[in-house]
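Here is the structure we will look at, set down as structure tokens.
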Amino acid sequence: MTQSIDYGNLMHHAMRGLIQTVLSDIAANGLPGEHHFFITFDTRHPDAELADWLRERYPEEMTIVIQNWYDNFEVGEDGFSITLNFGNSPEPLYVPLDAITTFVDPSVEFGLRFETQEYDEDDEIEEDEVAEEEEAAPAARGEAEVVSLDQFRK
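According to the UniProt record's numbering, the sequence shown is numbered sequentially starting from 1.
Have a look at this one:
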């Protein structure tokens, strides 16, 4: 018997279940109204499936958009498969639910962000808190530039 309740893990499981439910409904019935999704996932996840050229172009993470054109959309217990168009080249993808790092529906300003995960050589998942990662490497997120607005203030 454990000594404590792992609320973080339980919440992640519940939120991934929410995503699975939403995607299952969309796969069965299509996107209603103005709804569309931006889904960012970790391309290093051992169960993620994507074309070699996409993996080379997005070696760590990739954001896909489910909106106007998609095909072969199927949602399973552990992930979803979908064919998306990349520069007039339809490519099939398989995205495990636990590889998703962000899920956003901008039409209703809804979004979820998950802790980052790292995969070792044995494909075991090690979870790190996002806050810890940002403290350890604040400039590692990309090529963002900090701009001071002081000169424009009155």
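Built from N, CA and C at the ideal position, the CB exists for glycine as well.
Item	Value
Indicate whether at least one CB of chain B lies closer than 7 Å to the CB of GLU49.	The structure shown contains no chain B; it is built from a single protein chain.
Would PRO96 and HIS13 be called neighbours here (beta carbons separated by less than 7 Å)?	no
What did DSSP end up calling THR43 once you bin it into helix, strand or coil?	coil
Per the DSSP calculation, ILE100 is bridged to which residue(s)?	PHE41
Starting from GLU74 and walking both ways along the beta strand (DSSP E), at which residues does that stretch end?	71 to 75
In the structure shown, what three-state DSSP assignment does GLY17 receive?	helix
Looking at ASP71 and THR83, is the spacing between their C-beta atoms short of 7 Å?	yes
Classify GLY79 as buried or exposed, calling it buried when 16 or more other Cβ atoms lie within 10 Å of its own Cβ.	buried
Can you confirm whether the segment 19 to 37 touches the segment 51 to 60 when touching is taken to mean that 3 or more C-beta pairs between the two stretches lie within less than 8 Å?	no
Measure how close the beta-carbons of SER24 and VAL75 come, nearest whole angstrom, since I'm counting them as under 8 Å.	4 Å
Could you check the C-alpha separation between ALA51 and ASN88 for me, to the nearest Å?	15 Å
Could you give the DSSP three-state label for PRO138: helix, strand or coil?	Because PRO138 carries a pLDDT of 37, less than 50, the predicted location of this residue cannot be relied on, and the following value inherits that uncertainty. In this structure, PRO138 counts as coil in the three-state DSSP scheme.
Tell me whether THR21 is buried or exposed, calling it buried when 16 or more other Cβ atoms sit within 10 Å of its Cβ.	exposed
Would you identify the three-state DSSP class for SER81, choosing helix, strand or coil?	strand
Between the alpha carbons of ASN9 and PHE114, how many angstroms are there, rounded?	11 Å
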